[in-house]
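Read in the UniProt record's numbering, the sequence shown has 127 at position 127, and its numbers run on one by one without any break. Think of the CB as a built atom: it goes at the ideal place given N, C-alpha and C, for glycine as much as any other residue. Working notes, beginning with the structure itself.
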Amino acid sequence: MSFLSEHSNSIALGVILVFIFICLKGLKGQKEDVTEIRYWLSRDKWQGEVTTATLREWKQTSTTHNFDYFFIVTFDANLEGGVKQYKAAAALKVSEIPQLKKGMPIVIKYQGVPPQKIAVLSMQAEH
Numbered sequence: 001m002s003f004l005s006e007h008s009n010s011i012a013l014g015v016i017l018v019f020i021f022i023c024l025k026g027l028k029g030q031k032e033d034v035t036e037i038r039y040w041l042s043r044d045k046w047q048g049e050v051t052t053a054t055l056r057e058w059k060q061t062s063t064t065h066n067f068d069y070f071f072i073v074t075f076d077a078n079l080e081g082g083v084k085q086y087k088a089a090a091a092l093k094v095s096e097i098p099q100l101k102k103g104m105p106i107v108i109k110y111q112g113v114p115p116q117k118i119a120v121l122s123m124q125a126e127h
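Encoded structure:
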């Protein structure tokens, strides 16, 4: 019992520092999502090429746009002379979410080579 009372300040400081570290690490991941969502929101305002890609995986974010949900999607595309993986934001209606399938074609817009901005324009579910 005397150990806890003697070192309670050090233990409390350690717990606080671990908590702050975990919070900041969580914010870092969200910053990447915010950048990709910002590119999607401004997709009509920047110049770029439109092409198709192949969906690989997706992750739902906590952000919504009207009644649509934002997802960060990973896809394969040939934008730099070879097929590579890229990430971009996509806004999906609730009814579109169950239609997501690995390998489905998506339409993307990108700016520059290598791409500095990428946004998903549409996802073409097979019926």
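- Beta-bridge analysis with DSSP links Lys-84 to Ala-77.
- Taking Ala-90 as the centre and dropping the five residues before and after it, the same chain places the C-beta of Phe-71, Val-73, Val-120 closer than 6 Å to its C-beta, in chain order.
- Going by DSSP, Met-123 is part of the beta strand (DSSP E) stretching over 117 to 123.
- Under the Cβ criterion (8 Å, minimum of three pairs), the segment 103 to 116 counts as touching the segment 77 to 85.
- Residue pairing for Asp-68: DSSP places it in a beta bridge opposite His-65.
- Under the three-state reduction of DSSP output, Leu-100 falls in the coil class, being neither helix nor strand.
- Sequence-distant Cβ neighbours of Lys-102 in its own chain, meaning closer than 8 Å and more than five residues away, are Leu-55, Arg-56, Glu-57.
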